C-alpha cells in the first residue's frame, strides 16, 4: 500500500474507534434519594415540557414505547391512578423513547389516556436517566427528589401504594 493510503486508513480507524468508545460510554444513572436531574421533552404540539416546572407536585416519570406490550398494558393502570390523584398534586410524565409524534398520538387515541404523552425522539432524556429498557419509571417527590426507580411495569394497586405516601 502507498504511504498516503496507509495514513488515510489509520485516520479512519482512529475515527471509527473513537466513535465506538463514545457509543459505549456508560449511561447516566439517576440515584434514589438525590435530586432528580432536570429533563426537557416535547409535548405533541412541539412545546418543551420541563420536569423542573413541576416542582411542588409528585411526578411519576414513565419511559415507554409503542411496541412494548408491558408498556401498553400498564398505561391504563397508570391512568386510573392519575385520574384519582391529579387534583391532589400527582403529575404523570409519560416519555416516549425515540418514536415520532404520529405514533405517540395514535397510541394515545387508542388508549384514551388523561395524562400527557411526551416525546424524547432523540433519546436525550432517556440516556440522561440511564434507561436501558421500557418500561422504566421514576417516582419523584414534591421537592424534586427521586424516591424510587421502577424497572418493569406497574399495576394500579402498586402505583397507588407508592404515590399515596407522597401526596
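Numbering (mature numbering (1 follows the signal peptide of the UniProt record, and there is no 0)), first residue to last: -23 to -1, 1 to 144. Heads up, the beta-carbon is just placed ideally off N, CA and C, and yes, glycines get one too. Computed from a predicted structure; not experimentally measured.
When DSSP states are grouped into helix, strand and coil, residue 97 belongs to the strand group. Looking at the backbone, the Cα of residue 131 and that of residue 49 are separated by about 11 Å. Rounded to the nearest whole angstrom, the CA to CA distance from residue 120 to residue 13 is 9 Å. By the neighbour-count criterion, in which a residue is buried when 16 or more other Cβ atoms sit within 10 angstroms of its Cβ, residue 85 is buried. Within the DSSP secondary-structure output, residue 114 pairs in a beta bridge with 39, 127. In chain order, 70, 115 place their CB closer than 6 Å to the CB of residue 38, counting only its own chain and leaving out the 5 sequence neighbours on each side.
Taking residue 90 as the centre and dropping the five residues before and after it, the same chain places the C-beta of 52, 56 closer than 7 Å to its C-beta, in chain order.
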